[in-house]
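Residue numbers (my numbering): 129 to 349. Reviewing the structure listed below.
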């Protein structure tokens with residue numbers, strides 16, 4: 129009796145590897161240790177007034193730089209390196225100031241936006257190529273993000289007031305979620321400046337802040 133040889137069954141082909149999503153270009157890095165000095169917390173808003181004045185002057189120049197940056201990006205399709213870096217330093221300084229005001233960090237912030245100068249830090253990639261059509265309507269597209277920013281600003285204020293009255297590590301331990309709201313508060317500015325080529329989503333600010341040395345891809349896996 130002759131054995132019947134059947135052809136080997138073909139193995140199902142493996143699906144092509146899926147490229148992991150790109151990490152978010154705007155990231156908050158949280159190196160705070162949750163320790164607070166009670167006396168500076170008591171008068172924190174008064175101590176922050178010099179920063180409010182400096183931030184207001186800083187913002188006047190930032191509006192001019194952002195407008196010029198928008199025009200140049202609309203023409204060339206890419207934000208100039210020097211303008212991009214300057215606007216990132218401005219955004220980072222605002223993160224330092226509001227992190228101090230909202231009790232997200234303890235040290236008194238510097239009067240500049242140098243990278244890794246404060247426990248709550250801001251990392252922005254780029255400059256990346258920009259789509260001219262999206263750049264032209266950038267402010268209109270950022271309106272929903274600005275609305276959400278206003279809502280989260282009120283949430284930040286409420287959390288800061290509660291933390292100020294309670295004055296305990298338990299209250300300050302909520303700084304992770306508050307830092308997410310802080311990041312969400314600043315990403316619309318990255319959209320209209322324009323220093324971020326990706327559109328903002330409502331959930332983009334809900335990712336937990338990174339620590340220095342963390343893999344930015346881990347949250348996207």
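Idealized CB from N, CA, C, for every residue including glycine.
Taken through DSSP and simplified to helix, strand or coil, residue 164 comes out as coil. In this structure residue 250 touches residue 156 by the C-beta definition: roughly 6 Å separates them, less than 8 Å. Excluding five sequence positions before and after residue 253, the CB atoms of its chain that fall closer than 6 Å to its own CB belong to 153, given in chain order. In its own chain, leaving out the 5 sequence neighbours on each side, no residue places its CB closer than 6 Å to the CB of residue 199.
Contact check between the segment 277-287 and the segment 257-265: fewer than three CB pairs, one atom from each, fall below 8 Å, which does not count as touching. DSSP, read as helix, strand or coil, puts residue 146 in coil.
Per DSSP, the unbroken beta strand (DSSP E) holding residue 155 starts and ends at 154-158. For the 8 Å CB-CB criterion, residue 234 and residue 165 form a contact. In the three-state scheme derived from DSSP, where H, G and I count as helix and E and B as strand, residue 171 is classed as coil. If you draw a straight line from the Cα of residue 208 to the Cα of residue 201, it comes to about 7 Å.
If the five residues before and after residue 214 are omitted, its C-beta is found closer than 7 Å to the C-beta atoms of 193, all from its own chain and listed in chain order. A residue is called buried once 16 or more other Cβ atoms fall within 10 Å of its Cβ, and residue 158 is buried on that count. Taking residue 179 as the centre and dropping the five residues before and after it, the same chain places the C-beta of 225 closer than 6 Å to its C-beta, in chain order.
According to the DSSP assignment, residue 232 belongs to no alpha helix (DSSP H), since it is labelled neither H nor E. Separation of residue 186 and residue 148 (C-alpha to C-alpha, rounded to the nearest whole angstrom) is 38 Å. Contact between residue 238 and residue 245 holds, since their C-beta atoms are separated by about 5 Å, short of 8 Å.
Distances from the alpha-carbon of residue 231 to those of 176, 211, 191 put 176 closest. The C-alpha of residue 191 is placed about 22 Å away from the C-alpha of residue 280. The secondary-structure analysis by DSSP pairs residue 206 across a beta bridge with 257.
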